[in-house]
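Comments concern the structure below.
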Amino acid sequence: MKLKIATVLNLLLFTMMLFAQQQINVSGTVTEGATGDPAIGVTVLVKGTTLGTVTGVDGTYTLSNVPADATLVFSYIGMTTIEESLNGRTLVNVVMSEDVQALEEVVVIGYGTARKRDLTGSIVSVNAEEIANRPTTNLLSSVQGKVAGVQIVNSGRAGQDPEVRIRGTNSINGYSPLYVVDGLFSDNINYLNPADIESMEILKDPSSLAIFGVRGANGVIIVNTKRAKRGQTVVNFNSSLGFKEVTHKMPMTNAAQFRELYDEQRINQGLGSFDYTDWQANTDWQDVIFQQGFLTNNNVSITGSGERSRFYLGIGYTAEEGNIKHEEYSRLTLNLSSEYSVSSALRFGYQVNASRTKPTDAKGVSGAIKAAPIAPIYNETGELLHTLPDFQRAQVWNPLIDVETRANHSIALNHRAAGNIYGEVDFLNHFSFKSTFSLDYAVNENRGLSPIITVYNPDIGGAENLTTSESVSQSKSTRAVAQSDYILTYDNSFGSHNLTATAGVTTNFTEYSLLGASRSQNIEDIIFSVPDNDINKWWISSLSNKSMSNNGSQYKRFTMSYLLRALYNYQNRYLFNASYRRDGASVFRSVGNTWDNFYSFGAGWVASEEDFMKDQSLIDYLKFKGSWGVLGSQNTGGYNYPTYPRLESTGSAVFGDNIITGYSIQYLPQNLNWEKTYAWEAGFEITLLDNRLRLEPVFYDKTTKDIIVMLSGFSGAKNSLENLGEIRNRGLEISASWSDKLGSNGLNYAISGNLTTIDNKVLSLGRGPDDAIFAANGIARSLEGYPVGHFFGYKVAGVYQNREDVKTYYPNSVGSVAPGDLKFVDVNGDGAITQDDRTMIGNPTPDFTYGLSLNLDYRNFDFGVEMMGVYGNEIYRTWDDPTYAQLNYLTNRMGRWHGEGTSNWEPILNPSRSINLINSNYFIEDGSFFRIRNVQLGYTFEADFLQKVYLKSLRLFANVQNLKTWTRNTGYTPEIGGSALAFGIDGGTYPMPMIYTFGLNLTF
55 MKLKIATVLN LLLFTMMLFA QQQINVSGTV TEGATGDPAI GVTVLVKGTT
105 LGTVTGVDGT YTLSNVPADA TLVFSYIGMT TIEESLNGRT LVNVVMSEDV
155 QALEEVVVIG YGTARKRDLT GSIVSVNAEE IANRPTTNLL SSVQGKVAGV
205 QIVNSGRAGQ DPEVRIRGTN SINGYSPLYV VDGLFSDNIN YLNPADIESM
255 EILKDPSSLA IFGVRGANGV IIVNTKRAKR GQTVVNFNSS LGFKEVTHKM
305 PMTNAAQFRE LYDEQRINQG LGSFDYTDWQ ANTDWQDVIF QQGFLTNNNV
355 SITGSGERSR FYLGIGYTAE EGNIKHEEYS RLTLNLSSEY SVSSALRFGY
405 QVNASRTKPT DAKGVSGAIK AAPIAPIYNE TGELLHTLPD FQRAQVWNPL
455 IDVETRANHS IALNHRAAGN IYGEVDFLNH FSFKSTFSLD YAVNENRGLS
505 PIITVYNPDI GGAENLTTSE SVSQSKSTRA VAQSDYILTY DNSFGSHNLT
555 ATAGVTTNFT EYSLLGASRS QNIEDIIFSV PDNDINKWWI SSLSNKSMSN
605 NGSQYKRFTM SYLLRALYNY QNRYLFNASY RRDGASVFRS VGNTWDNFYS
655 FGAGWVASEE DFMKDQSLID YLKFKGSWGV LGSQNTGGYN YPTYPRLEST
705 GSAVFGDNII TGYSIQYLPQ NLNWEKTYAW EAGFEITLLD NRLRLEPVFY
755 DKTTKDIIVM LSGFSGAKNS LENLGEIRNR GLEISASWSD KLGSNGLNYA
805 ISGNLTTIDN KVLSLGRGPD DAIFAANGIA RSLEGYPVGH FFGYKVAGVY
855 QNREDVKTYY PNSVGSVAPG DLKFVDVNGD GAITQDDRTM IGNPTPDFTY
905 GLSLNLDYRN FDFGVEMMGV YGNEIYRTWD DPTYAQLNYL TNRMGRWHGE
955 GTSNWEPILN PSRSINLINS NYFIEDGSFF RIRNVQLGYT FEADFLQKVY
1005 LKSLRLFANV QNLKTWTRNT GYTPEIGGSA LAFGIDGGTY PMPMIYTFGL
1055 NLTF
């Protein structure tokens, strides 16, 4: 009997051993519990090993050679991790559910990560996949209209960076945010490939910005590029191609209209008639210079991992033609990363992003909108470009001189490499220490040829040189940034208390240098001309030093910082965080202000976790939050060494036979220090109706103090550079979204929107309310009590209709007036038109900005529409200013005043009437607009088909960008940027094209 029992036990044990050693193939489908949709990108790992995979677009997965008694781990950010024991099963289907502890999304913050639910400020994550599928060379362009509080001004020019302002213009010295790429501080991200972006977070509130010290006041955009993930080797290929074209042209007069207006103008000026014998053309110069441009974007990436190491390699190539003929832009990018785990507690790795960029030889549109339409393009033989009429010949050239004759005569090549090496160790259960060394090195080279320009002039019946010399220019700039970070993190939960504490030391060294030179020779001195068609001869050594110029600039800057941060919550319900950073910088060392402190506090209450919220079903999640802090700005008043003013010539004196030049310092530097922004915000986050509706309103207030201002001296005293300015920005941000599904296998849809109000005001610029700063020839003014860079001039009441009107209206001491001239408003009510009647006539800062999006998903089809707009801002038009030459006319001038009662807005045609050219709201246009920014339709192929062709996923898409814009301005686009002191001024802004692209996303 005992022998039988032993035999049975041995057989059972043998069977279990065989079962344990058996290798099986496992497959299944992972779906989302809330919607029933396939769960894409879920990580499936064999517990305790590195064997794993990720689910495809249909939610399916397959694993080979898995032990029959293994346990599979299914995980995804925002979802509850699930473990399934196989017990010999070969089919395992799993339903993933959202983590009910709400908003477990992990976001990147300064020097670490955190759960979004634990934060007390405004950090917005941008979907990286949406960025990758847009036809743009700069990923920030695709963010336009998506994030509350972030105003982005795009350009239609190929390769040009967008302008970004986060919660308004904080200072007269700059507005650009800080970019942090894989932990490295940067001033721009134009070298990154959008397809290489893993995540992007936009930080706006004081509790998240104070940790960045003197770089945080204008907001921070954190970008992490893609890195290797655990699992099998995956190859991705993304490609798109398309076309772009200008769909909106300036409303300029044709030849017949031009002759009508110009003839009338000459009569008004008392001039004789113009001889049009040689000027019989009807040229639309805009059609002449514009083209349909081609663009393509191609990316391939390989990612894989072994037992201890993982790597990622991404290569991208972008080529784009401009809206103007012969403009070409191209960029080659590389993203490489690797990480090696010595053990479960010790890791080393590196990350590199590099680019080689050929910027476009950018041309402008001003010539095409200023040139008279009566001029031919070429002479009769087509060999020479035709000159323009003598009334504008000296100031305005045939537009094709720039577009064709000088096409690609400026050759630029930019190289940039940025990366880091790091080591990270976990110890004592709750501690980790990471050391990172980063380097960003950029070299920009440029050289060009300015050839002698020859055109056909009918006045002499032959060729004429517009220039009498040729020149070669060459420049090279280098910029190196070295950064080191030493970060210690403590993360622990004890009872109901959760704490994440961070301490660190960081250094940053920046060095920049520029060298430039040019050489030229007059036409009478030319023995050997520089070949116009041989770029290998376009060097300054090709010409002698007889006529030359040289220039250069350089600077160095070093900062060292200590930082502390604590994120604490009690029962996931009561939240508190604090940040502190002490920055030391070389820039103010000479005046004893090397060090300064920046800090913030934030608090939150997750009210939905309270017991009194448990018995209701309307609100799923509710969090109240607020923060306050002191942020820093690295603005130095536009000077690299503000405490060391340059010497400038102040005249000369004669001592005997010697003439001695006198020098004095440019200004008197006072006790200079960093500009500081005192900011606070308060708001709440709420999720309703089974997580379908989400709302997040936030009120923000930022006051920047100690702004560096150049004050004019009194009674011959020197100007002084002082910390005296103060600017306030405040407003309301609202973000909302609704997502739902119609039917069990029906249509998934999501609607989202955001709105931001902006109230910008200068509180002080110096000694008193009369200290004003003017820019753009007096068009833009910054003054206490008004917005930054508002437009300054006279308000127009109408047009003088007759001499009696001139006689009875207020006397005008600004200039002489006659019938047909603009009539200004007596703003101050003193009974006369004087310079004191100038006032604010427009504001380039909008009252509010907004964005809307709609996304539909039906079976294998997806459809998305993005819309955005601004409201309440003005544009100042300058491109039609005729003070220096006779220009083509806007078609609006067909409605000019040419007799009593003919117009009460468009003045008489007579550029000698200077009163009509003075800054006034006659040149103001409405800058509000609404744009259908992006429309995309995609189709994802079924998994059954993909398996037959050995693919993991395949998606085809068609995209239209800038489909339609509703605007009231006359320019090519209402999006007009500028500096902190002068923006929204339209001097002939580059067109914003409509772009059609078709592409595919392929995964092997």
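Be aware that the sequence shown starts at 55, since it is given in our numbering, and climbs by one per residue. Ideal Cβ placement from N, Cα and C applies to all residues, glycine included. Computed from a prediction, not measured in an experiment: that's the story for all the values here.
Can you give me the Cβ contacts of residue 788 inside the same chain, cut-off strictly under 6 Å, excluding the 5 residues immediately before and after it? 751, 809
Residue 377 and residue 300 closer than 7 Å at C-beta: yes
Would residue 556 and residue 175 qualify as a contact pair, given that the criterion is a beta-carbon distance under 7 Å? no
CB-CB under 8 Å to residue 954, same chain, minus the five flanking residues each way: which ones, in chain order? 855, 856, 873
Within 10 Å of its beta-carbon, does residue 156 have 16 or more other beta-carbons around it, so buried, or fewer, so exposed? Unreliable positioning characterises residue 156 in this predicted model, as indicated by a pLDDT of 36, which lies under 50. The coordinate reading is nonetheless provided below. Counting Cβ neighbours within 10 Å, residue 156 comes out buried, since at least 16 surround it.
Alpha carbon of residue 894 to alpha carbon of residue 476, nearest angstrom: 54 Å
What are the start and end residues of the alpha helix (DSSP H) that includes residue 857? 857 to 862
Along the chain, where does the beta strand (DSSP E) that runs through residue 183 open and close? Run containing residue 183: none in the beta strand (DSSP E); it sits in the alpha helix (DSSP H), 182 to 186.
Per-residue burial, residue 578 [other beta carbons within 10 Å of its own, 16 or more giving buried]: exposed
The segment 912 to 929 in contact with the segment 982 to 997 per 3-pair CB rule at 8 Å: yes
Buried or exposed for residue 1054, please, with buried defined as at least 16 other CB atoms from any protein chain shown within 10 angstroms of its CB. exposed
With residue 662 as the anchor, note down where its alpha helix (DSSP H) starts and where it stops. Element bounds for residue 662: n/a, residue is neither H nor E.
Distance, Cα to Cα, residue 296 vs residue 349? 5 Å
For residue 608, three-class secondary structure by DSSP: strand
With the cut-off set at 7 Å, would you say residue 1034 and residue 220 are in Cβ contact? no
Would you kindly work out how many angstroms separate the C-alpha atoms of residue 517 and residue 429, rounded to a whole number? 16 Å
Spell out a yes or no on whether the segment 594 to 604 and the segment 511 to 528 are touching, meaning 3 or more CB-CB pairs, one atom from each, closer than 8 Å. yes
First and last residue of the uninterrupted alpha helix (DSSP H) at residue 341: 339 to 343
Short of 7 Å in beta carbon distance, which residues of its chain neighbour residue 551, apart from the five on each side in sequence? Order them along the chain. 624
Which same chain residues end up closer than 6 Å to residue 124 when comparing Cβ atoms and leaving out the 5 residues on each side of it in sequence? 100, 140
Continuous beta strand (DSSP E) assignments of at least 3 residues falling wholly in the segment 356 to 444: 363 to 375, 382 to 397, 400 to 412
Under DSSP, the beta strand (DSSP E) around residue 121 begins and ends at which residues? 114 to 121
Relative to the C-alpha of residue 223, which residue among 781, 302, 148, 790 is closest? 781
Cβ-based neighbour list, residue 1057, same chain, cut-off 6 Å, excluding 5 preceding and 5 following: 290, 1006, 1007
Quick check: the Cα distance between residue 121 and residue 906, rounded to an integer number of angstroms? 50 Å
If you draw a straight line from the C-alpha of residue 150 to the C-alpha of residue 666, how long is it? 29 Å
Please state the DSSP three-state secondary structure of residue 576. strand
Proximity to residue 715 [Cα-Cα], best of 706, 613, 723: 706
Can you name the residues that DSSP bridges to residue 902? 811, 925
List in chain order: all unbroken beta strand (DSSP E) runs of 3+ residues lying wholly within the segment 275 to 351. 288 to 299
So, helix, strand or coil for residue 1051, using DSSP? strand
Pick from 972, 840, 236, 945: whose alpha carbon is nearest that of residue 876? 972
State the Cα-Cα distance for the pair residue 941 and residue 217, rounded to the nearest angstrom. 30 Å
Bounding residues of the beta strand (DSSP E) (the contiguous stretch that carries residue 231): That residue, residue 231, is in no beta strand (DSSP E); it is neither H nor E in DSSP.
Leaving out five residues before and five after residue 474 in sequence, what residues of the same chain have Cβ atoms less than 7 Å from its Cβ? 236, 237, 238, 404, 405, 490, 491, 492
Identify whether residue 818 lies in helix, strand or coil by the three-state DSSP scheme. strand
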